[in-house]
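Peer 1: One structure coming up, written as structure tokens, with questions to follow.
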Amino acid sequence: MKILIADDHMIVRSGLRRMLQAEFSDVVVGEATSCRELLEKAKSAKWDAVILDVALGAENGLSALPLLKESCPNLPVIVLSMYGERQFVTRALADGASAYLTKEQAADEELFRAIRTVCAGRRYLGEALAEQLADHFAKDRKGRPHDALSSRELEVFLLLAAAKSVSEIAEQLGLSVKTVSTYRTRILEKMSLESNAEIIQYAVRNGLAG
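For the sequence shown, the working numbering begins at 23 and goes up steadily by one.
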């Protein structure tokens with residue numbers, strides 16, 4: 023079994039590597055620290071699965087997902103994220119992910135179940151996320167303003183909705199304050215909102231507040 027881990031934090035990669043080697047005796051583990059390196063390594067060898075962190079430094083791992091699936095359409099991708107909101111889950115699955123796990127889920131046997139499931143050609147979601155998706159598809163969600171946001175914009179939106187300042191978001195995501203301010207401006211324009219207070223109100227009304 024060959025697993026490629028895409029994460030920019032060495033401690034996370036090392037931890038995942040140890041977990042995989044303890045569970046799968048024959049596993050070969052590769053590592054990528056950026057979207058570019060992920061795309062290059064994915065094409066350079068035959069992998070059984072990719073474990074992709076949503077946050078790859080200043081990059082957004084989900085932005086690489088469509089490109090990865092275009093070049094390696096049969097390669098299963100397990101997305102790891104600190105976010106359990108259904109908006110991230112549905113977007114990842116729509117872009118070709120085979121599984122989506124929060125980092126809390128990945129710390130136990132669920133990661134191994136996900137790997138075995140996607141390597142068998144099926145998709146995998148934890149019970150809690152599956153329940154969220156069921157609720158999601160049970161409601162009419164067409165035409166909602168936040169659906170027009172990109173993955174990174176949605177990430178910034180949710181942090182703004184959690185009352186985080188631009189500087190706090192910049193530090194958390196590894197971006198410059200100027201870049202986060204640009205994302206904030208785009209979010210306000212796309213959603214026809216005027217302030218952070220309106221972002222918070224919108225998030226509360228639409229069940230997006232953490």
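Quick reminder that beta carbons are idealized off the backbone N, C-alpha and C, glycines included. Please read these numbers as outputs of a predicted model, since none were measured by experiment.
#1: Across the region 90-98 and the region 176-189, are there enough close Cβ pairs to call them in contact, namely three or more that are closer than 8 Å?
#2: Determine the direct distance from the alpha carbon of V76 to that of L210, and round the result to whole angstroms.
#3: Quick one: grab the DSSP three-state call for L133.
#4: Are the region 168-175 and the region 44-63 touching by the rule of at least three beta carbon pairs closer than 8 Å?
#5: Whole angstroms are fine: how far does the CA of I137 sit from the CA of I100?
#6: Assuming V140 and A71 form a contact by the criterion Cβ under 8 Å, report the distance between their Cβ atoms to the nearest whole angstrom.
#7: Between which two residues does the beta strand (DSSP E) carrying Y105 extend?
#8: Just to check my reading of the structure: L102 and D30 have Cβ atoms closer than 8 Å, yes? What is that Cβ distance to the nearest angstrom?
#9: Going by other Cβ atoms of all chains shown within 10 Å of its Cβ, with 16 needed for buried, is T124 buried or exposed?
Peer 2: Quick look at the numbers:
#1: no
#2: 23 Å
#3: helix
#4: no
#5: 8 Å
#6: 6 Å
#7: First-last for Y105: undefined, no H or E at that position.
#8: About 12 Å; that fails the 8 Å criterion.
#9: buried
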